[in-house]
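Read in order, the letters of the sequence shown are residues 415 to 607 in the working numbering. The C-beta atom is built at its ideal place from N, Cα and C for all residues, glycine as well. Here the structure is a predicted model, which is why all the values come from computation and not from measurement.
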Amino acid sequence: DNCPETDNPDQINTDADGLGNACDPDDDNDGNEDQQDNYPLGFSDVPAGYWAFSFIERLALSRITAGCGVVTYCPNDRVTRAQMAVFLLRGMYGATFVPSAAAGTVFSDVPVGSFAANYIERLFADHITAGCGNNKYCAGGQVTRAEMAVFLLRAKHGAGYRPPPAPGMFSDVPLNHWAVHWIEQLAQEGITG
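As structure tokens, then:
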């Protein structure tokens with residue numbers, strides 16, 4: 415059957431209408447069939463005029479995220495380090511990627527069975543992160559913009575990537591800041607302004 419049941423954990427049902435997106439001709443229930451709809455996976459809290467609408471929509475279309483609820487994205491919520499592990503690995507390996515089971519021995523604060531433990535351990539195995547210090551990952555902690563710069567560039571260019579020296583383009587990031595080279599390279603690549 416090409417239309418899996420909506421209770422299948424791999425089947426997203428954006429508009430909660432009883433049809434999973436793979437079978438639903440109108441995923442966001444806006445009256446426009448997906449094939450003619452520029453934004454078939456709309457979130458009720460991200461209107462078309464929202465500044466990050468096209469970016470959020472692209473994440474949804476790529477199945478990197480399904481949002482924070484049935485039809486919501488929660489654009490103002492903070493992202494945890496655990497959530498970031500999932501975003502990054504789905505972005506790197508594809509939406510259907512599922513890392514092997516977690517061993518629970520990589521970080522002392524990420525036991526087997528904790529949210530995204532397998533993603534966090536794979537992020538470590540891929541040398542994207544070494545954690546937050548003291549053999550911890552700080553899964554529930556928020557990702558800072560500086561940490562995000564390192565995560566994104568390592569995910570894009572590989573674990574061994576080192577950015578070029580920073581010229582000093584942001585007034586709030588002095589040249590002696592631990593992530594200045596990463597932050598400025600993110601701007602050089604047009605990923606942040």
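- The beta carbon of Ile-470 sits closer than 6 Å to the beta carbons of Val-460, Tyr-487 from its chain, once the five residues preceding and following it are set aside; these are given in chain order.
- For Thr-494, the CB contacts under 8 Å within the same chain, skipping 5 residues up- and downstream, are Ala-553, Gly-554, Gly-555, Gln-556, Val-557 in chain order.
- Counting along the chain, the unbroken alpha helix (DSSP H) around Phe-501 starts and ends at 495-507.
- For the options Tyr-464, Gly-505, Arg-477, the alpha carbon positioned closest to that of Pro-489 is the one of Tyr-464.
- The secondary-structure analysis by DSSP pairs Gln-556 across a beta bridge with Thr-494.
- 8 Å or more divides the Cβ of Asn-532 from the Cβ of Ala-509.
- By the neighbour-count definition (other C-beta atoms within 10 Å, threshold 16), Thr-479 is a buried residue.
- Taking the C-beta atoms as reference points, Ile-542 is found no nearer than 8 Å to Phe-521.
- Nearest neighbour of Lys-550 by Cα position, chosen from Gly-483, Val-524, Pro-513, turns out to be Val-524.
- Distances from the CA of Gln-602 to each of Asn-590, Ala-474, Ala-563, Asp-586 were compared; the closest alpha carbon is that of Ala-563.
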